[in-house]
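Residue numbers (the numbering used here): 4 to 116. Heads up, the thing below is written out as structure tokens.
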């Protein structure tokens, strides 16, 4: 199993319930394919660097997970099929990036307390 991180941007016109349903749909898809979810982060509504589909902002979400490499292509196909997803990026983490991600998670936990 490889360690991956996926960031995706959802359309800003979605309601809170639609956003939660969409995020849950992608998480359920990963879990159904045998993925082990390490963390989920909701980064909220952010301004985009450049317009995407004539939108200037979007809801950012991050998934960190471990899954077999052959499942990634099918997972990204699900992003392409969903109209509420404006952009996505999946990155395979090496041991150094995974260690950095762990430090980032700890930092986020400590700032929330």
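Glycine is no exception: its CB is placed at the ideal position from the N, C-alpha and C atoms.
The beta strand (DSSP E) enclosing residue i, as first and last residue numbers
| i | result |
| --- | --- |
| residue 106 | First-last for residue 106: 98-115, but that is the alpha helix (DSSP H), not the beta strand (DSSP E). |
| residue 81 | No beta strand (DSSP E) contains residue 81, which is instead part of the alpha helix (DSSP H) from 75-84. |
| residue 52 | 39-55 |
| residue 87 | Per DSSP, residue 87 belongs to no beta strand (DSSP E) and is neither H nor E. |
| residue 59 | 58-70 |
Residue environment, residue i, which counts as buried when at least 16 other CB atoms sit within 10 Å
| i | result |
| --- | --- |
| residue 61 | buried |
| residue 64 | buried |
| residue 25 | buried |
| residue 52 | exposed |
| residue 9 | buried |
Residue i - containing alpha helix (DSSP H), residue span
| i | result |
| --- | --- |
| residue 18 | Looking at the DSSP string, residue 18 is not in any alpha helix (DSSP H), and its letter there is neither H nor E. |
Integer Cβ distance of residue i from residue j, believed to fall under 8 Å
| i | j | result |
| --- | --- | --- |
| residue 67 | residue 104 | 6 Å |
Beta-carbon proximity of residue i to residue j, cut-off 8 Å
| i | j | result |
| --- | --- | --- |
| residue 70 | residue 14 | no |
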